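Since the structure comes first, as structure tokens, the remarks are kept for the end.
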Amino acid sequence: MDGSPRRRAARGSAGLIARTRPPGTGPSAAARIVRRTALAVVLATALAAVAGEAVLRAMLPALSLSLQRLAPDFSLISLAVGTGPGMSLRADVTLARAVVSGERVYWPDPRGRATASTPAGHALLPPLVIAIALSAWPPRRLREYPLRAALACPPAAALVMLDTPAVLIASVWSTFPEPRAGALTGMWAAFLQTGGRFALALTIAGLTIAVAARLSKGRDRPSELTAA
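Now the structure itself:
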């Protein structure tokens, strides 16, 4: 007699837990996330292959402006998309003012120029990683998707503008014997090249998912209170 109510209470508690368990936390949640990630990677790769060059060409004015802001010692002659065996971004620069490197002083000369290039994937990788992460992580509400996109765009754009131009300028500074003026740019570029851009992209995606979920949940509270 005493055991039956206890068993019924235990079953009731288990049912309550099952009903209130948030979506996406079951044993198959990891498998679903893996499948969604694989699908997002395939779609993002296809999109980059089809529209990557057009996207890069559209980004050239903003990348050029960022490069000039990050490297006032140089004048940008051209920034173009190279379409050789591997698509790349190529920058041609010349000195804008005198630069001291070691015991030598380099003076501006319109006849002298330096060329630096970097794979186009460096500019496309951060937004692609962010888009894949935002698509792969299941939301609690469908309206989180547009929220995620709106929240992720500004930091993703800032990361791209601080990534590829810095790598190009660091490559130019590396041709100087003692590039003290470009030391910080070189350190930042080295961080990006050794996994930093991937880590920053994932950080942006994680914060975006968390903030979008919080904002979406906050919008539900007035209606819940009204219904009560």
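Under my numbering, the first residue of the sequence shown is numbered 1111, with each subsequent residue one higher.
Here a beta-carbon is modelled for each residue, glycine too, at the ideal position from N, C-alpha and C.
Fair warning: this is a prediction, and the values are worked out from it, not measured in the lab.
So, for residue i: in the same chain, excluding its five sequence neighbours on each side, which residues have a beta-carbon less than 8 Å away from its beta-carbon?
{"i": "T1228", "result": "S1198, L1199, T1274, V1277, L1278, S1281"}
{"i": "T1285", "result": "A1224"}
Among residues of its own chain, excluding the 5 on either side of residue i, which ones have a beta-carbon nearer than 7 Å to its beta-carbon?
{"i": "A1246", "result": "I1143, R1146, T1147, A1150"}
{"i": "I1319", "result": "L1244, W1247, R1258"}
{"i": "A1181", "result": "I1279"}
{"i": "V1321", "result": "L1261"}
{"i": "Y1255", "result": "P1249"}
{"i": "P1220", "result": "T1204"}
Just to confirm, is the Cβ distance from residue i to residue j under 8 Å?
{"i": "V1217", "j": "A1206", "result": "The identity of residue 1217 in the sequence shown is Trp, whereas the question assumes Val. Contact flag unset, no."}
{"i": "D1154", "j": "L1238", "result": "In the sequence as displayed, the identity of residue 1154 is Ala instead of Asp. Contact flag set, yes."}
{"i": "A1315", "j": "I1240", "result": "yes"}
{"i": "V1215", "j": "P1236", "result": "no"}
{"i": "A1158", "j": "L1234", "result": "yes"}
{"i": "S1185", "j": "T1204", "result": "yes"}
Please return the same chain residues whose Cβ sits closer than 6 Å to the Cβ of residue i, not counting the five positions on each side in sequence.
{"i": "D1202", "result": "I1187, S1188, R1223, T1225"}
{"i": "P1265", "result": "I1314"}
{"i": "A1299", "result": "A1276, V1277, A1280"}
Among the options, which one has its Cα closest to the Cα of residue i?
{"i": "T1193", "options": "L1166, L1177, S1176, D1219", "result": "L1166"}
{"i": "H1232", "options": "L1180, V1215, E1163, T1313", "result": "E1163"}
{"i": "V1210", "options": "W1283, L1310, G1296", "result": "W1283"}
{"i": "G1341", "options": "A1230, M1169, L1177", "result": "Outside the displayed range of the chain (1111 to 1338) lies residue 1341, so it cannot be described from this structure."}
{"i": "A1268", "options": "G1305, Y1255, E1254, M1169", "result": "M1169"}
{"i": "D1183", "options": "C1263, V1152, T1295", "result": "T1295"}
{"i": "L1302", "options": "S1174, I1242, L1272", "result": "L1272"}
{"i": "I1242", "options": "S1174, F1308, R1221", "result": "F1308"}
{"i": "G1212", "options": "P1287, R1179, W1298", "result": "P1287"}
{"i": "V1103", "options": "S1174, T1204, A1300, S1185", "result": "The chain is shown from 1111 up to 1338; residue 1103 falls before or after that span and cannot be answered."}
{"i": "C1263", "options": "R1179, A1311, Q1178, S1138", "result": "A1311"}
Within the segment 1189-1228, ranges of the beta strand (DSSP E) (whole runs, at least 3 residues)
The qualifying runs are 1197-1205, 1209-1211, 1214-1216.
Enumerated in chain order, which unbroken segments of the alpha helix (DSSP H) with a length of 4 residues or greater are wholly contained in the segment 1229-1256?
With a minimum length of 4 residues, the continuous alpha helix (DSSP H) runs that stay inside the segment 1229-1256 are 1231-1246.
Complete runs of the alpha helix (DSSP H) confined to the segment 1261-1306 [at least 4 residues]
The segment 1261-1306 contains these whole alpha helix (DSSP H) runs: 1293-1301.
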